[in-house]
Each structure stands twice: as C-alpha cells, then as structure tokens.
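K.L.:
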Amino acid sequence: MDFSEYKNVYVFAEARDGNVQDVALQLLGKGREIADKTHSSLHAILVGYDVKKEAQKLIAAGADEVLVVDDKLLEEYVTEQYVQAVYHIVSERKPNIILVGATSIGRDLAPRLSARLRTGLTADCTKLEVEEDGSLFMTRPAFGGNLMATIVSPRHRPQMSTVRPGVMAKLPADPKRKGKVTEIKVPFDVEKMAVKVAKVVKETIKVEKIEDAKILVSVGRGVGRENLPLAKELAEVLGATLSGSRAMVDAGIIEPARQVGQTGKTVRPNVYFALGISGAIQHLAGMDESEFIVAVNKDKYAPIFKVADLGIVGDVKQVLPVLIEEVKKILATKA
Amino acid sequence: MKIICCLKQVPDTTEIKIDPVKGTLIREGVPSIMNPDDKAGLEVALRLKDKYGAEVTVLSMGPMQATEVIKEAFAMGADRGILLSDFKFAGADTLATSSAISGAVRALKDYDLLIMGRQAIDGDTAQVGPETAELLDIPQISYAKSVDFVKGEFVVERKVEDRTYTLKAKGPLVVTVLGDQVEPRYMTVEGILRAVQEKEVEIWNASQIDVDPESLGLKGSPTQVKQSFGKQLKSAGVTHDNVDAAAGAKLIADALVEKHIL
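What follows is the structure in structure tokens.
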C-alpha cells in the first residue's frame with residue numbers, strides 16, 4: 017500500500033435533528049492539532065438533512081473544508097445510508113486519518129465504514145498522538161478501564177478511530193475563520209438500504225446532559241435512596257446537575273442517562289462532587305479528568321480519595337446539611 | 284427459522300487486577316464467563332425459538348476452554364454449538380475476528396438471523412457486529428432490546444440514548460443486543476443434562492470455514508497493540524480523615540469560594 021496517496025485529516029461531524037453535536041467540535045479541535053503537526057489540512061464531513069446551515073460552525077471550530085451531503089434520505093440515522101455517504105467521500109479523497117465520535121451513532125457507523133474500506137479501527141480512544149510522518153498512536157481503555165492500550169495501524173490507511181466524547185477539547189469558536197464548503201451529491205444505492213424505520217419514539221422526560229454540566233453532584237451507594245434529597249438540594253443551591261454511579265442506576269434510583277463511568281458517560285466538569293462513591297476503576301475512568309474533585313465518603317480507604325483534590329472522610333448524611341447551609345450563607349452575602 | 288448466535292468467553296473484568304509493577308493483567312484466579320451482552324443475545328434468540336420455533340446455533344472463537352460457554356448455551360436451550368479454534372485465528376483484531384466469524388457463517392450457509400452482543404467486556408469495542416455484517420454484505424441493526432418476526436420481516440426495537448426506534452428488515456441480517464435491556468434465562472436441570480449427555484461441541488479449524496486465510500489472525504489484523512499499561516491516575520490531593528461533619532463541610536465551602544465557584 018502506497019501511504020503517500022493518503023493525506024489529510026477527516027472528521028465525521030455528527031449531526032442530530034440537523035444540529036451538529038459538540039463531539040464534532042471536540043474532534044475538530046484535536047484534528048486541527050494533528051493536521052498542523054503533519055502539515056496537512058482538516059476536513060469535516062457533514063451528513064444529514066437540512067444540515068448545510070451548520071457548515072460555518074465547523075469552519076469556526078477549525079475545519080479548512082466542510083464536505084456536505086444534504087439529503088432527505090439522511091433525515092434519520094440509518095447505518096447503510098450514512099455509510100454510503102461517508103464512504104463515497106473518503107474512498108475518493110483517501111484520508112490519512114478519519115476521526116469519528118464514539119457516540120452510539122459513531123460506534124455503529126465507523127466499524128461498518130472501516131470494514132468497507134478494509135482498514136483498521138480503534139474504538140473509543142481517549143488519547144491521540146501523531147508523528148510528523150502521519151503515523152497515529154491511538155490510546156484506549158480496555159478490560160473495563162483496568163488497562164490502557166496504544167494501538168497503531170502499521171500497514172493500512174486510512175487510520176481510523178472513534179474518540180470518546182468529552183475527552184478532546186474544542187477550540188474557541190472563531191467566527192471570522194475562512195474555509196471552503198463543498199456540496200457533494202452521492203449516487204445512493206437504494207437497493208442496499210434494507211432497514212426501514214417504522215417508528216421513532218423520543219423520551220418525553222428531558223434529562224439534562226451531564227457531560228455539559230459545569231458542576232456535577234454525583235451520588236453513589238453511600239447516598240442511596242434515603243439521602244438522595246440532600247444531594248438534590250445541594251445540586252439545586254449550587255446550580256449543579258445530578259449524576260451518579262452505576263450502582264445507583266442499577267438500583268433504579270437515578271436515570272441511566274446520568275451514569276458516569278466506563279459504561280456511562282465521560283465527564284470533565286469544573287467541579288465534581290463524589291458523594292458516597294467508593295470509586296471503582298470503571299467510575300474513575302469516566303471522571304478523573306474533572307478539574308476539581310471533592311469526595312465525601314465514610315471509608316477512608318475508598319479509592320475515590322486517590323483522585324480527589326479535596327477529600328472528607330465522613331458521612332454524607334451529616335456533611336451535606338451543613339454544607340448546604342454554608343453554601344446558602346455564602347451566596348446570601350454575595351446577593 | 285435459523286439463528287446463529289455469537290458468544291465470547293471473557294474474563295470477568297470486575298474481578299481483574301493489574302500487576303502494579305509490570306502494568307499487565309493478572310489473569311490467574313479471574314473467573315471466565317459468557318460475555319453479558321452475548322448472553323442477552325442468546326436470550327433474544329431463544330425467545331424467538333420459544334415463540335416461532337427456530338434452530339439456534341451458537342458460535343464461539345477461542346481456545347478449547349471456550350467450549351464451556353457453548354455448553355452453558357446448550358443448557359440454556361441452544362441446539363448446536365461450534366467453536367472456532369486454531370492457532371491461525373490467534374492475535375486477531377476486530378476485523379480479523381469478523382473475517383473468521385463471517386467465514387464460519389458462510390460455511391453454515393443457511394441462516395436468517397445472526398445475533399451478537401453489542402460488545403464484549405474485555406475489549407469494549409462494539410466493532411465485531413458491524414464489521415461482520417459488512418463482510419457478509421448484509422444489513423445490521425445495533426443496540427437492539429427486542430427482536431420479533433412479523434409477516435416475513437424482523438421487527439427490531441433499538442434503544443439509542445433518548446429514543447427508541449422500531450426498525451424492520453428482511454433476513455439475513457445482523458442484530459447486536461444490549462445486555463442491560465434483556466434479562467437472560469437460567470440454565471435448567473433438564474438443559475444441563477441434555478448438554479452433558481447429548482450435545483457435542485463441534486470444533487472447527489481455519490480450513491473448515493469459507494474465507495481467505497490471509498484475512499485471519501495476526502496477519503489479517505490491520506491494527507496492532509503497540510503498548511499496554513496500567514492506567515495512571517492523577518495524583519491525590521488532600522484527604523481529611525479527622526474532621527467532624529461541620530468542619531468538613533466548611534473545608535468544602537472554603538474550597539468552592541477559593542475556586543470562584545461560589
């Protein structure tokens with residue numbers, strides 16, 4: 017395989033309901049760094065229906081070019097349609113690197129695409145490094161977050177990875193940035209689109225996105241059902257969002273969308289309160305990048321204290337009421 | 284109806300420890316289990332069998348020890364079991380694994396549905412389902428929570444974040460199943476007896492499947508592990524284990540003020 021034919025960095029800019037997702041901007045942030053280091057250009061692939069309006073946002077986030085496939089066929093995400101659209105572009109353009117967000121959609125699309133290209137794919141990466149010659153080092157957790165592995169693609173191009181949302185930092189949007197918008201017409205093979213969407217039901221209860229929160233009050237087994245109201249009150253006075261551990265989701269006490277960790281979401285808020293969370297490695301994998309971690313736990317040997325910036329060994333039932341009062345007092349003096 | 288169900292034997296990752304010096308996995312004493320998402324997939328297959336009648340063939344790849352999960356599948360109600368076991372399969376990444384599975388599926392010829400778990404708990408890639416579907420050139424539906432069969436079509440409910448899709452497709456197709464959406468059945472005594480007395484696991488080597496041998500094992504793997512290491516945790520801050528609740532709360536409040544959160 018002649019690697020010199022394969023050039024530049026391509027990011028799949030995931031859009032839902034016509035809106036570009038934050039993970040796309042995060043990947044463009046990282047993609048920009050990779051493109052600059054390898055003296056190449058950064059391209060965003062924007063696929064969907066009524067998505068063209070989002071192109072400028074991707075340029076502002078670092079893309080040199082946005083390739084748009086805007087088609088009614090792409091209104092709902094269905095694997096084959098989307099793979100055909102992206103494949104049409106990348107089989108012609110021959111990227112050196114393709115990055116896809118490790119979202120539900122990205123992790124359905126990317127392996128189908130990589131197999132069609134007969135190239136490799138590294139799942140759910142949390143770190144990407146590139147050499148000047150364009151070789152990509154993709155690091156990801158395995159064995160439930162117990163082990164990290166760095167993966168390379170020595171004989172195949174494009175080098176592909178899905179990247180965990182919330183891990184790469186987006187660039188500050190630069191609305192004056194110039195870039196090219198290229199509209200692509202895809203000759204869809206409708207025969208192959210064998211999966212039909214019969215119905216889509218959106219959940220009506222809207223859960224705040226924990227990955228976007230600046231402050232998270234996260235609850236674990238040590239909070240349980242009985243002390244949840246205290247944690248909720250703390251979240252309310254702080255203007256924080258409630259999240260929690262897998263144990264709390266499995267027990268049905270909080271919604272699955274609020275779960276932090278290997279099987280939940282990765283978060284990096286400014287402040288993360290770990291209340292009654294022991295800190296299993298699977299949980300730490302989802303939150304240890306938080307800027308400031310406050311842990312309260314009865315067990316002084318709990319692993320959460322190994323990552324906490326400030327740890328209090330104590331009972332959440334006793335600490336929280338005082339903390340809530342303290343916070344209210346401080347806020348009152350500032351009002 | 285003919286269903287093929289892929290099962291992986293995996294180490295129970297909740298029991299895994301890391302050698303702190305070498306940064307490698309300590310596998311000794313770690314129990315091996317049927318991968319939870321795959322077990323859910325088998326349950327989905329068995330429900331179709333209960334409802335409509337089906338022949339359920341389970342397919343696994345790995346060392347001879349992996350016959351254990353196939354026997355467990357017999358005890359749950361599977362009809363036939365095949366283990367792909369050959370050094371030529373060793374060192375496979377997800378694409379080479381998918382090549383082996385697609386080769387076995389082609390050798391089995393006649394099937395309506397190929398079910399897999401969404402992902403395995405040791406690798407967590409969720410790639411083998413879609414990659415196998417692509418290599419077989421059949422459609423895929425991932426993250427399924429249920430599969431039904433109505434008027435000659437599979438009707439799949441899939442859960443993706445805040446929405447549930449009802450999708451329809453004719454077989455053959457690949458469905459990947461979400462473990463947390465399906466409660467698998469237990470083995471029955473009758474099933475265990477049948478598994479021991481009547482059922483044999485068929486062992487297939489690389490020459491028995493329908494695939495280009497170059498696409499198997501380490502040779503057929505585009506990705507390679509360059510390095511693996513234990514996860515570096517960020518350094519600990521300060522933990523106070525001798526303060527009362529009020530003093531502890533005060534320490535937190537002070538820190539929030541200092542960080543300009545309050």
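Here the protein sequences come in this chain order: A and B.
17 is the number of the first residue of the first sequence in this note's numbering; add one for each residue after it.
284 is the number of the first residue of the second sequence in this note's numbering; add one for each residue after it.
We put the CB at the ideal spot given by N, CA and C, even for glycine.
Because the structure is a prediction, the values reported are computed rather than measured.
(1) Pick out whichever of A:98, A:135, A:328 has its Cα sitting closest to the Cα of residue 112 (chain A).
(2) Measuring CB atoms only, is the region 442 to 454 of chain B touching the region 476 to 483 of chain B, in the sense that at least three cross pairs come out at less than 8 Å?
(3) Is it the case that the Cβ atoms of residue 453 (chain B) and residue 442 (chain B) are separated by a distance below 7 Å?
(4) What are the residues in the region 433 to 460 of chain B lying within 8 Å of chain A by C-beta distance?
(5) Whole angstroms is fine: what's the gap from residue 334 (chain B)'s alpha carbon to residue 194 (chain A)'s?
(6) Return no unless some Cβ of chain B is closer than 7 Å to the Cβ of residue 172 (chain A).
(7) So, are the CB atoms of residue 99 (chain A) and residue 85 (chain A) less than 7 Å apart?
(8) Would a check of beta-carbon distances place residue 281 (chain A) closer than 7 Å to chain B?
(9) Just to check my reading of the structure: residue 287 (chain A) and residue 544 (chain B) have Cβ atoms closer than 8 Å, yes? What is that Cβ distance to the nearest angstrom?
(10) Can you say whether residue 281 (chain A) is buried or exposed, counting buried as having 16 or more other CB atoms within 10 angstroms of its CB?
(11) Quick check: is the beta carbon of residue 164 (chain A) nearer than 7 Å to any beta carbon in chain B?
(12) If you run the structure through DSSP and keep just helix, strand and coil, what is residue 415 (chain B)?
(13) Check distances from the C-beta atoms of the region 460 to 484 of chain B to those of chain A and list, in chain order, the residues that come in under 7 Å.
(14) Taking only the alpha-carbon atoms, compute the straight-line gap between residue 467 (chain B) and residue 271 (chain A) and give it to the nearest angstrom.
(15) On the criterion of 16 or more Cβ atoms from any shown chain inside 10 Å, does residue 147 (chain A) qualify as buried, or is it exposed?
(16) My understanding is that residue 261 (chain A) touches residue 236 (chain A), with C-beta atoms under 8 Å, so please give their C-beta distance in whole angstroms.
(17) Can you find a C-beta in chain A that's less than 7 Å from the C-beta of residue 524 (chain B)?
(18) Output the boundary residues of the alpha helix (DSSP H) element that contains residue 332 (chain B).
(19) If I'm right that residue 142 (chain A) touches residue 123 (chain A) with Cβ under 8 Å, what's the distance once you round it to whole angstroms?
(20) Quick one: what's got a C-beta closer than 7 Å to residue 129 (chain A)'s C-beta in the same chain, skipping five residues either side?
(21) On a CA-only basis, which of B:485, B:329, B:416 is nearest residue 401 (chain B)? Give me that one, please.
(22) Where does the unbroken beta strand (DSSP E) through residue 81 (chain A) begin, and where does it stop?
(23) Which class does residue 204 (chain A) belong to by DSSP, given the choice of helix, strand or coil?
(24) Verify whether the separation of the beta carbon atoms of residue 268 (chain A) and residue 298 (chain A) is less than 7 Å.
(25) Which residues in chain A have a C-beta closer than 7 Å to the C-beta of residue 285 (chain B)? List them in chain order.
(26) Examine chain A for any beta-carbon lying closer than 7 Å to the beta-carbon of residue 508 (chain B), and answer yes or no.
(27) Could you name the residues of the region 134 to 165 of chain A whose beta carbon sits closer than 9 Å to any beta carbon of chain B, in the order they occur along the chain?
(28) Using a C-beta cutoff of 7 Å, does residue 414 (chain B) count as contacting chain A?
(29) For residue 548 (chain B) versus residue 465 (chain B), is the C-beta distance shorter than 7 Å?
(30) What in chain B is Cβ-close to residue 124 (chain A), meaning under 7 Å?
(31) How should residue 347 (chain B) be labelled, buried or exposed, when 16 other C-beta atoms within 10 angstroms of its C-beta is the threshold for buried?
(32) Run through the region 30 to 93 of chain A for me and flag every whole alpha helix (DSSP H) of 4 or more residues, listed as ranges in chain order.
(33) Please return the same chain residues whose Cβ sits closer than 8 Å to the Cβ of residue 59 (chain A), not counting the five positions on each side in sequence.
(34) I want to verify the contact list: residues of chain B whose CB lies under 8 Å from the CB of residue 88 (chain A), in sequence order.
(35) Are residue 249 (chain A) and residue 340 (chain A) touching if we call contact CB-CB under 7 Å?
(36) List the residues of chain B that residue 214 (chain A) touches, going by C-beta distances under 9 Å, in chain order.
P.N.:
Looking at the atomic coordinates:
(1) For the purposes of this step, residue 112 (chain A) is identified with residue 96 of the first sequence, where counting begins at 1. Checking every option, the nearest Cα to that of residue 112 (chain A) belongs to A:135.
(2) no
(3) Translated into the one-based positions of the second sequence, residue 453 (chain B) becomes position 170. Translated into the one-based positions of the second sequence, residue 442 (chain B) becomes position 159. No, these two residues do not count as a Cβ contact at 7 Å.
(4) 438, 443, 444, 445, 446, 447, 448, 449, 450, 451, 452, 453, 456
(5) Mapped onto the second sequence, residue 334 (chain B) falls at position 51. Mapped onto the first sequence, residue 194 (chain A) falls at position 178. Cα to Cα, residue 334 (chain B) sits roughly 59 Å from residue 194 (chain A).
(6) Taking the first residue of the first sequence as position 1, residue 172 (chain A) is located at position 156. Answer yes: the Cβ-Cβ gap between residue 172 (chain A) and chain B drops below 7 Å somewhere.
(7) What you label residue 99 (chain A) is simply residue 83 of the first sequence in a count that begins at 1. What you label residue 85 (chain A) is simply residue 69 of the first sequence in a count that begins at 1. Their beta carbons are not under 7 Å apart, which means residue 99 (chain A) does not touch residue 85 (chain A) by this criterion.
(8) As a first step, residue 281 (chain A) must be located in the first sequence, where it is residue number 265. Taking Cβ atoms only, chain B never reaches closer than 7 Å to residue 281 (chain A), which makes this a no.
(9) The residue you call residue 287 (chain A) lines up with position 271 of the first sequence. The residue you call residue 544 (chain B) lines up with position 261 of the second sequence. Right, the Cβ-Cβ distance comes to about 6 Å (below 8 Å), so this counts as a contact.
(10) The residue labelled residue 281 (chain A) in the question sits at position 265 within the first sequence. It is buried - the Cβ of residue 281 (chain A) has at least 16 other Cβ atoms within 10 Å.
(11) Counted from its first residue, the first sequence places residue 164 (chain A) at position 148. By this cut-off, residue 164 (chain A) is an interface position.
(12) Here residue 415 (chain B) refers to the residue found at position 132 of the second sequence. In this structure, residue 415 (chain B) counts as helix in the three-state DSSP scheme.
(13) none
(14) The sequence position of residue 467 (chain B) within the second sequence is 184, counting from 1. The sequence position of residue 271 (chain A) within the first sequence is 255, counting from 1. Answer to the nearest angstrom: the Cα atoms are 22 Å apart.
(15) Working through the first sequence from its first residue, we reach residue 147 (chain A) at position 131. With fewer than 16 Cβ atoms within 10 Å of its Cβ, residue 147 (chain A) is classed as exposed.
(16) The sequence position of residue 261 (chain A) within the first sequence is 245, counting from 1. The sequence position of residue 236 (chain A) within the first sequence is 220, counting from 1. That belief holds up - the Cβ atoms of residue 261 (chain A) and residue 236 (chain A) are roughly 4 Å apart, short of 8 Å.
(17) Along the second sequence, one-based indexing puts residue 524 (chain B) at 241. Judged by the 7 Å Cβ criterion, residue 524 (chain B) is in contact with chain A.
(18) Position 49 of the second sequence holds residue 332 (chain B). Per DSSP, residue 332 (chain B) belongs to the alpha helix (DSSP H) from 319 to 335.
(19) Here residue 142 (chain A) refers to the residue found at position 126 when the first sequence is read from its first residue. Here residue 123 (chain A) refers to the residue found at position 107 when the first sequence is read from its first residue. Not a contact, Cβ separation roughly 14 Å.
(20) As a position in the first sequence, residue 129 (chain A) is number 113, starting the count at 1. Answer for residue 129 (chain A): 99, 102, 103, listed in chain order.
(21) Position 118 of the second sequence holds residue 401 (chain B). Comparing Cα-Cα distances from residue 401 (chain B) to each of B:485, B:329, B:416, the minimum goes to B:416.
(22) As a first step, residue 81 (chain A) must be located in the first sequence, where it is residue number 65. Residues 81 to 86.
(23) Here residue 204 (chain A) refers to the residue found at position 188 when the first sequence is read from its first residue. Coil, per DSSP.
(24) For the purposes of this step, residue 268 (chain A) is taken as residue 252 along the first sequence, with counting starting at 1. For the purposes of this step, residue 298 (chain A) is taken as residue 282 along the first sequence, with counting starting at 1. Not closer than 7 Å, so no.
(25) Translated into positions along the second sequence, residue 285 (chain B) becomes position 2. Within chain A, no residue comes near residue 285 (chain B); the closest Cβ sits about 18 Å away, beyond 7 Å.
(26) Start at 1 with the first residue of the second sequence, and residue 508 (chain B) comes out as number 225. True, the Cβ-Cβ gap to chain A drops below 7 Å.
(27) 134, 135, 136, 137, 138, 139, 140, 153, 154, 155, 156, 157, 158, 159, 160, 161, 162, 163, 164, 165
(28) Residue 414 (chain B) sits at position 131 when you count from the first residue of the second sequence. Chain A, which has a Cβ nearer than 7 Å to the Cβ of residue 414 (chain B), makes this yes.
(29) Because chain B is modelled from 284 through 545, residue 548 (chain B) falls outside the range shown and cannot be assessed.
(30) For the purposes of this step, residue 124 (chain A) is taken as residue 108 along the first sequence, with counting starting at 1. By Cβ distance, chain B contributes 413, 425.
(31) Counting from 1 along the second sequence, the entry for residue 347 (chain B) is found at position 64. It counts as exposed.
(32) 38 to 53, 71 to 76
(33) For this step, residue 59 (chain A) is matched to residue 43 along the first sequence. These residues qualify, in order along the chain: 24, 25, 26, 27, 79, 80, 81, 82, 83, 109, 111.
(34) Indexing the first sequence from 1 puts residue 88 (chain A) at position 72. The premise fails here: residue 88 (chain A) is roughly 18 Å from chain B at the closest Cβ pair, so nothing lies under 8 Å.
(35) Taking the first residue of the first sequence as position 1, residue 249 (chain A) is located at position 233. Taking the first residue of the first sequence as position 1, residue 340 (chain A) is located at position 324. Cβ atoms of residue 249 (chain A) and residue 340 (chain A): closer than 7 Å.
(36) For the purposes of this step, residue 214 (chain A) is taken as residue 198 along the first sequence, with counting starting at 1. Residues of chain B passing the Cβ test: 438, 448, 449, 450, 451.
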